[in-house]
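Peer 1: Residue 889 in the UniProt record's numbering sits at position 889 of the sequence shown, and the numbers go up by one each step. For reference, the structure I am asking about is given below.
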Amino acid sequence: MAAAGSASWQPQEEGLKEICGLLEQQISPYSSADKSQIWQQLQHYSQFPDFNNYLVFILARAEGKSGEIRQAAGLLLKNNLRTAYKLMSPAHQQYIKSELLPCLGAADKHIRSTVGTIVTVVVQQGGILGWPELLQALVNCLDSSDLNHMEGAMDALSKICEDIPQVLDSDVPGLAERPIKIFLPRLFQFFQSPHTSLRKLSLDSVNQYIMLMPSALYTSMDKFLQGLFVLANDPAAEVRKLVCAAFVQLIEIHPSFLEPHLKNVIEYMLQVSKDTDDEVALEACEFWSAYCDAQLPYESLREYLPRLIPILLSNMVYADDDESLVDAEEDESLPDRDQDLKPRFHTPRFHGSDDAEDDDDDSYGIWNLRKCSAAALDVLSNVFGDEILPALMPIIEAKLSASGDEAWKDREAAVLTLGAIAEGCINGLYPHLSEIVAFLIPLLDDKFALIRSISCWTLSRFSKYIVQDSGNKKGYEQFDSVLTGLLRRILDINKRVQEAACSAFATLEEEAAEELAPRLEVILQHLMCAFGKYQRRNLRIVYDAIGTLADAVGEKLNQPVYLEILMPPLIAKWQQVSNSDKDLLRLLECFTSIAQALGTGFSQFDQPVFQRCINIIQTQQLAKKFLLQVDPISAGFQYDKEFIVCSLDLLSGLTEGLQGGIESLVAQSNLRDLLLQCCMDDDSDVRQSAFALVGDLAKVCPVHLRPRLSEFLDVATNQLTTPKLNETIAVANNACWAIGELAIKVRQEISPVVMTVISCLVPILQHAEQGVNKSVVENTAITLGRLAWVCPDLVSPHMEHFMQPWCISLSMIRDDIEKEDAFRGLCAVVRANPSVALSSLVLMCKAIASWDEIRNGELHNEVCQVLHGYKQMLRNGAWDQCMSALEPPEKDKLSKYQV
């Protein structure tokens, strides 16, 4: 290749020819050459210092070559510069930059676009400072009257704004003002260009700054809004879509800017929510949910509801080209394609009351106008409640009564609407609920698959109220009809309906819980029949439904007649799937729920399940080691943390179910060492599940953790001292709970870490009112109490720092054994240091009054002694003064302790 020079660099003809030949073979669909060999050859050339000079030369100057070859050279150059730009000699960097600038105005649109992409990469790698000529070149092109130059510069600028907007909003030595201030007036000017491409690119560029809001845009906001109103009725749909996007972003991030113009903006968004172009309408419909989330008066929107609601309902009717219409034809005999199997991530075990809930979501297909409009209606119903019903119900009734096959989409949209408003308008709908449900049940057997599936979903949205009303005869008959109707649909031949029915049934299971017990046999028969016939995608939902059923009915599942239906198919599948098969994850989750529900009844299956979990964790840790140290191929299969997390959670489920019965399994395994390794893993999900298992094992067989107790305590304490606690709050929550469980089992052996743990827990309690996760606060208060119970002499000298927030947190905790432990700690430290606790006496009394009843006789007596001790200590009306600060119900509760 040519010798390295500067701007005088020239390519060698032979090298040029060879590279062009390789590029031609690489992009030609007719070439018989081996593409991977060509790729390797090009990678080999990349080692020559001036190879990228050749590529920019081909892009910029190879006039005789096709546009495709020149573009291919440009794209290869872009990828090379991403990794190699900073390593190149300044001379080569300069050569590439000097060749790119004249191409901003190239006659070929594709060449201009490729140049814009490369320019962005160079700025990303070298910064604006490293290319002082660029800004002037862009300004010159924007100010020229040549469309190619204007478009080329605008294309490059829009890519910089999209990928690295902050570089234009920073100080540049030698420039009196930031680059964004130089470009903004020119961008606004292009809003009025006769050329669609310039209007689109300029608006797209400004939109990238709404989130960052540089002062240049802030001070030009009036000009920007004027420009948006000018573009509002642009003939080009792509421009109208960007106008909508701007209003949506502004209302989300800076609603105050729109407040003076709200009427005009709402009128406009109403108009474009029914735009003839679906993409424009979709962008516009995002506005209504965003408006409800913004801190703007709902009053301003209220008067428009009668006009908005019919538009949203009209948008909720399936479009003729909706991909769901094609999916709806798929029957169960069609195998799933790999791309249909969307990843679903396991939620690691979390000890506490704030378990994350799964959102209702239609997992079929992409976000579209129909779903966006339904979501907007859902949000509006939650804001305005029954107020929207007068505008809504006549349309729903008209659509539902539309007869004939051609009106099925209208009927379907009406059922979707009822589901969308089920939560927000329940007060207005409740008196008519039995009629609504009675109307929906026959639709479960409709001839149109999409009506059957949406009816399942809508019934699930009302399931809470259907279950509530099942106490009376008529209500129970309706509940029974819904239940049997959904079971029928679970065995539908249509995949879409199967999915909707299974998901709806899982929701009904959560609401009905033990109400399902009398129907367990028929439910299990249907679910296991589905298990035998579903394709892989829907099979995952059956696992969820079985797991949810086990969670709902608990130990009632532990009957031989039920286990004979449930377990053989699951065990057959368990033996069939390999340790690296993703379908095993769903099975592990399912077994976790079953193990917890069956309790000791699971012992007949426990040994192989326990051993497989250990094997999976071991194999995955080995795979990770190879991944980090050698190369992943040597590991035998890919590392995937989900397998470790699901296995740890199943071991927790086994521990919770089997209780002391797990002891012999743990004793014969290397679980302790594997678990300690997981507690130190760099992945927070793995640590979260590991500490949940540490806590569960501490409750039933702490003897097996003891040999490495100090290490477990140290790593658990480390989770509380991390500087970025908010990012791993779930790990800290589980670690905190595990420390408390260990403390009450190992007693004084906890003392080496007590002071460190307390120093971490106190700030959490002190900031409890600033939105800290509720479970974390509860577990913090409980663990602090458990430490106080086992080491009162270590804890009591520091009471003044935490007594008040601790008492407030204790009063929020539900009555259970953990709360009992915490109050034993409270009594212990108060006995050790009564005078310090005196200043928090009112809050302590409120905490004691938060108990409905202390069932443990010993603790009840301890609390009596504490209260009587203070009553005797406080003379001259001081006790009565303290009592007067309590609410009447709190005083009533304290009377149980004879004070």
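Glycine included, every Cβ here is placed at the ideal spot set by N, Cα and C.
Is it buried or exposed, residue 298, if we count other Cβ atoms within 10 angstroms and call 16 or more buried?
Peer 2: That one is exposed.
Peer 1: Using alpha carbons as the reference points, say which of 656, 647, 657, 380 lies closest to residue 675.
Peer 2: Here the closest residue by C-alpha is 647.
Peer 1: Along the chain, where does the alpha helix (DSSP H) containing residue 868 start, and where does it finish?
Peer 2: From DSSP, the alpha helix (DSSP H) with residue 868 extends over 857–873.
Peer 1: For residue 904 and residue 426, I'd like the C-alpha separation in whole angstroms.
Peer 2: For residue 904 there is no data in the structure shown, the boundaries of the chain being 1 and 899.
Peer 1: Rounded to whole angstroms, what is the Cα-Cα separation between residue 715 and residue 293?
Peer 2: Residue 715 and residue 293: Cα-Cα distance of roughly 41 Å.
Peer 1: Give the secondary structure of residue 494 by DSSP, where H, G and I count as helix, E and B as strand, and everything else as coil.
Peer 2: In the structure shown, residue 494 sits in a strand (DSSP, three-state: E or B).
Peer 1: Are the beta-carbon atoms belonging to residue 782 and residue 815 less than 8 Å from one another?
Peer 2: No, Cβ-Cβ distance for residue 782 and residue 815 is not below 8 Å.
Peer 1: Alpha carbon to alpha carbon, how far is residue 750 from residue 608?
Peer 2: Roughly 34 Å between the two C-alpha positions.
Peer 1: If you run the structure through DSSP and keep just helix, strand and coil, what is residue 767?
Peer 2: In this structure, residue 767 counts as coil in the three-state DSSP scheme.
Peer 1: Taking the alpha-carbon positions, what's the residue 137 to residue 101 distance?
Peer 2: Rounded to the nearest angstrom, the two C-alpha atoms are 7 Å apart.
Peer 1: How do the stretch 525–535 and the stretch 575–595 stand: do at least 3 beta-carbon pairs fall below 8 Å, yes or no?
Peer 2: Verdict: no, contact absent.
Peer 1: Taking the continuous alpha helix (DSSP H) assigned at residue 543, which residues delimit it?
Peer 2: 536–553 is the span of the alpha helix (DSSP H), which, as asked, contains residue 543.
Peer 1: Is it the case that the Cβ atoms of residue 871 and residue 899 are separated by a distance below 8 Å?
Peer 2: Yes, the Cβ-Cβ distance between residue 871 and residue 899 is below 8 Å.
Peer 1: Take residue 459 as the anchor and find which of 447, 483, 470, 471 has the nearest alpha-carbon.
Peer 2: Nearest of 447, 483, 470, 471 to residue 459, Cα basis: 483.
Peer 1: Do residue 827 and residue 886 have their beta-carbon atoms positioned less than 8 Å apart in this structure?
Peer 2: Not in contact: residue 886 and residue 827 (Cβ atoms no closer than 8 Å).
Peer 1: Can you have a look at residue 873 and say buried or exposed, based on whether 16 or more other CB atoms are within 10 angstroms of its CB?
Peer 2: Residue 873 is exposed by the Cβ-count criterion.
Peer 1: Near residue 593, which residues of its chain fall below 6 Å by C-beta distance, leaving aside the five closest residues on each side in sequence?
Peer 2: So the list reads 547, 550, 551, once near-sequence residues are dropped.
Peer 1: Would you report the Cα separation of residue 314 and residue 519, rounded to the nearest angstrom?
Peer 2: Whole-angstrom Cα-Cα distance: 40 Å.
Peer 1: For residue 758, would you say it is in contact with chain B, using Cβ-to-Cβ distances shorter than 8 Å as the test?
Peer 2: In summary, chain B is missing from the structure at hand, where a single protein chain is found.
Peer 1: What residue range does the alpha helix (DSSP H) around residue 21 cover?
Peer 2: From DSSP, the alpha helix (DSSP H) with residue 21 extends over 13–27.
Peer 1: Helix or strand or just coil, what does DSSP make of residue 701?
Peer 2: Reduced to three states, the DSSP call for residue 701 is coil.
Peer 1: Suppose the cutoff is 8 Å on Cβ atoms and the five residues either side in sequence are ignored; what does the same chain contact list for residue 129 look like?
Peer 2: Once the five neighbours on either side are set aside, the close Cβ partners of residue 129 are 172, 173.
Peer 1: Near residue 704, what residues of its chain come up, given a Cβ to Cβ distance below 8 Å and the 5 sequence neighbours on each side ignored?
Peer 2: Excluding sequence neighbours, residue 704 sits near 663, 666, 667, 671, 672, 697.
Peer 1: Do residue 74 and residue 123 have their beta-carbon atoms positioned less than 8 Å apart in this structure?
Peer 2: No, the Cβ-Cβ distance between residue 123 and residue 74 is not below 8 Å.
Peer 1: Along the chain, where does the alpha helix (DSSP H) that runs through residue 526 open and close?
Peer 2: That run of the alpha helix (DSSP H) goes 520–533.
Peer 1: With distances taken Cα to Cα, identify the nearest neighbour of residue 376 among 286, 56, 767.
Peer 2: Nearest C-alpha to residue 376: 286.
Peer 1: Quick one, are the C-beta atoms of residue 851 and residue 824 less than 8 Å apart?
Peer 2: Cβ distance not < 8 Å, so residue 851 and residue 824 don't count as in contact.
Peer 1: CB-CB under 8 Å to residue 867, same chain, minus the five flanking residues each way: which ones, in chain order?
Peer 2: Excluding residues within five positions, the ones whose Cβ falls inside 8 Å are 845, 848, 894, 897, 899.
Peer 1: Per DSSP, what kind of secondary structure is residue 35 in: helix, strand or coil?
Peer 2: If DSSP states are grouped into helix, strand and coil, residue 35 belongs with the helices.
Peer 1: Out of 250, 702, 317, point me to the one whose CA is closest to residue 290's CA.
Peer 2: The shortest Cα separation from residue 290 among 250, 702, 317 belongs to 250.
Peer 1: How many Å lie between residue 604 and residue 695 at the Cα?
Peer 2: Between residue 604 and residue 695, the C-alpha separation is close to 24 Å.
Peer 1: When the distance is taken between beta carbons, is residue 765 closer than 8 Å to residue 796?
Peer 2: The answer is no: Cβ separation not under 8 Å.
Peer 1: Using 10 angstroms around the beta-carbon of residue 154, count the other beta-carbons present and answer buried if the total reaches 16, otherwise exposed.
Peer 2: Per the 10 Å Cβ criterion, buried.
Peer 1: Work out the CA separation of residue 348 and residue 636 for me, nearest whole Å.
Peer 2: Residue placement at residue 636 is flagged as unreliable, the pLDDT there being 49, under the threshold of 50; a coordinate-derived value is accordingly withheld.
Peer 1: Just to confirm the assignment, what range does the alpha helix (DSSP H) spanning residue 229 have?
Peer 2: That run of the alpha helix (DSSP H) goes 221–231.
Peer 1: Three-state secondary structure (DSSP) at residue 176?
Peer 2: Three-state DSSP puts residue 176 in coil, outside helix and strand.
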